[in-house]
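Enquirer: So for the sequence shown, this note's numbering puts the first residue at 21; every next one is plus one.
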Amino acid sequence: MSKITSKITASRVIDLRVPTSDQLLGSDPFHKQPDYSSAILHLETDDGLIGNSVVFTIGAGTDWICHGIKDLCQLVVGMNLDEFAQEPIRLYRRLIDHHQLRWLHDGVFRMAAGAVLNAMWDLWARAEGKPMWKLLVDLEPEFVADCIDWRNISDALSRDEAVEILRDRRVDVGRRELEMSDLGPRAYCTAGWLGLTDEQILGSIRKLQGQGFDSFKLKVGLDSAADVKRIGFMRSAIGPNCNLMVDANQYWGIADAKRHIAQYLDFNLKWIEEPIARDDVLGYIELAETFRDASFGFACGEHAASPVIFKQLLKSGAIKYCQIDASRVAGVNDVMAIILMAAKYNVPVCPHGGGIALCNMIQHYGMWDQIAVSGHSDTQLVEFIDFLQQAVRYPVATRDGHYVTPNSLGWGLDFIPEFIQEHRFPDGPVWANRSANRKGAAFEVDTSR
């Protein structure tokens, strides 16, 4: 690895929000009127590189994360990029093990730390002239293992086991990279948002099928009779041979989950996503046992705040689909650990997408997993949601139901300046004439809609 001479000289954090609640896009039982938003970080170097990252939110609270990112950036401004590229775990531990901030633990703190780490990885990939997936694929197994914090997960996956997994796949990396050089991971789409009519859902399905998609998801949770009707409608619309998944967004407790899910047995579902709380590992174990003979498994992970929760979900056999999120945990370092644990327990990695630019990031994790970790594309699905692609210079592309392999540098998170200016919160033109109560916790759901 050649020495990188870049030095981080400045940081810029942007609170970006889009009033998607106007159209109810992204709605689910809990999040009835989301405004898709991102805390955006730009790290600048003395030789003109800009490293980018995002933390996806749905409106209120974005400013909390922005403040955390700004505070943590004090630890990287003035740092040489080569110092990070030689040993990424050092910055990871400097952030995660901060002698006072560590008291806050996971959630906003870990997401803010992830933003800083992801921007540093982006800078490194840009300095090397590579897309993120290619940077990760080219790393030696031992180097990948050295990026991971093993303190709380080695009882589920040891460093030696991780190196062995990566070495075993190394033999076929060249072939797999060639196979995925044009079309990347297979994708699935959410077509059944709660706020949409049957006609709108059907129109979306037909459009997506025309683009080669054969895997679809819908939101459930509020009303069991209505949900059964909607699932039946979706199954009829997509046909018997397409994959159908449902997502409850953690709306139920155990008893309600069992009652609702028992009514879904005849629809040949692929998975039930987040039926209960994100960290209720014992609950997922109970559900997996209750429905062990069903066609579906349980999917979880987009809200799991650390690799430790994934360790418990994977080691216990509670989930059959591992849904990493690109901005929920502490950056590439954490996601590497999660994907490797999933590989050991033969659980397909099906990343969570959507939001503003999340799909731009998760496509790279899907590529790394399917080229260098699992080494196949037989069971994974990577979420694709065609929202707000106009925000970035390099929109995600799909063809024949797959992601088109990205070749832009780093994460490809180059935002359009005009979009940022328009949607900057709270002073962008989009927000100028909106109610002041949109600014935080005071923005409550409009029950008249």
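The beta-carbon is built from N, C-alpha and C at its ideal position, and this holds for glycine as well. Please read all numbers here as calculations on a predicted model, not as lab measurements.
(1) Enumerate in chain order the residues of its own chain whose CB-to-CB distance from Leu429 is below 8 Å, with the five nearest sequence positions on each side excluded.
(2) Can you tell me which of the three DSSP states Ala392 falls into?
(3) Can you grab the Cα-Cα spacing for the pair Tyr414 / Cys209, in whole Å?
(4) Is DSSP giving Ser73 helix, strand or coil here?
(5) Kindly indicate which three-state DSSP category Glu403 falls into: helix, strand or coil?
(6) In angstroms with no decimal places, state the Cα-to-Cα distance between Asn457 and Leu334.
(7) With distances taken between CB atoms, is the gap from Gly432 to Asn380 smaller than 7 Å?
(8) For Glu309, does the three-state DSSP call read helix, strand or coil?
(9) Is it buried or exposed, Thr40, if we count other Cβ atoms within 10 angstroms and call 16 or more buried?
(10) Helix, strand or coil: how does DSSP classify Phe253 here?
(11) Among Asp117, His51, Gly127 and Ile28, which one has its Cα closest to the Cα of Gln94?
(12) In angstroms with no decimal places, state the Cα-to-Cα distance between Arg206 and Asp234.
(13) Only counting the same chain, and skipping five residues up and downstream in sequence, which positions put a Cβ closer than 7 Å to that of Glu199?
(14) Indicate the three-state DSSP secondary structure (helix, strand or coil) for Glu199 in the structure shown.
(15) Identify, in the order they occur along the chain, each residue of the same chain with its Cβ nearer than 7 Å to the Cβ of Leu92, setting aside the five sequence neighbours on each side.
(16) Using 8 Å as the threshold, is the segment 388-403 in touch with the segment 68-78, meaning 3 or more CB pairs across them?
(17) I'd like to check one pair, Ile358 with Phe318: are the Cβ atoms closer than 7 Å?
(18) Should Asp35 be labelled buried (16 or more other beta-carbon atoms within 10 Å of its own) or exposed?
(19) Could you tell me the distance, in whole angstroms, from the CA atom of Asn100 to the CA atom of Val164?
(20) Figure out for me which residue from Asn261, Asp286 and Arg298 has the closest Cα to the Cα of Gln267.
(21) Following the continuous alpha helix (DSSP H) through Lys331, name the residue where it begins and the one where it ends.
(22) Rank Arg419, Met361 and Gly215 by C-alpha distance to the C-alpha of Val183 and give the top, closest one.
(23) Compare the beta carbon distance of Leu408 and Ile440 with 7 Å and say whether it is the shorter of the two.
(24) What does a CB cutoff of less than 6 Å around His372 pick up in its chain, not counting 5 residues either side in sequence?
(25) What's the C-alpha gap between Val328 and Leu69?
(26) Could you check the C-alpha separation between Asn263 and Thr425 for me, to the nearest Å?
(27) Which runs of the alpha helix (DSSP H), 4 residues or longer, sit entirely within the segment 259-304?
(28) Between the C-alpha atoms of Leu143 and Leu63, what's the straight-line distance to the nearest angstrom?
(29) In angstroms, rounded to a whole number, what distance separates the CA positions of Arg469 and Leu216?
(30) Quick one: Cα of His119 to Cα of Ala80, how far?
(31) Taking all protein chains shown into account, do 16 or more other C-beta atoms lie within 10 angstroms of the C-beta of Ala452, making it buried, or fewer, making it exposed?
(32) Look up Asn353 in the DSSP assignment and say whether it is helix, strand or coil.
(33) Secondary structure at Val78, three-state DSSP: helix, strand or coil?
(34) Which residue's Cα is closest to the Cα of Ile281: Val240, His51, Asp300 and Ile258?
Expert: In terms of the structure at hand:
(1) Ala145, Arg146, Gly149, Lys150 and Pro151
(2) helix
(3) 20 Å
(4) strand
(5) strand
(6) Confidence at Asn457 is low in this model, with a pLDDT of 47, below 50, so the placement of that residue should be treated as unreliable; the coordinate-derived value is given next. Near 41 Å, if we compare the C-alpha coordinates of Leu334 and Asn457.
(7) yes
(8) helix
(9) buried
(10) helix
(11) Ile28
(12) 10 Å
(13) none
(14) helix
(15) Leu115, Ala132, Ala133 and Val136
(16) no
(17) no
(18) buried
(19) 20 Å
(20) Here residue 267 is Asp; the residue named in the question, Gln, does not match the sequence. Considering only alpha carbons, the answer is Arg298.
(21) Pro327 to Lys335
(22) Met361
(23) no
(24) Glu322, Gln343, Asp345 and Glu403
(25) 34 Å
(26) 23 Å
(27) 274-281
(28) 8 Å
(29) For Arg469, the predicted model reports a pLDDT of 45, less than 50, meaning its position is unreliable and no value from the coordinates is stated.
(30) 28 Å
(31) exposed
(32) helix
(33) According to the sequence as given, residue 78 is Ile; it is not Val. DSSP places Ile78 in coil when its eight states are reduced to three.
(34) Val240
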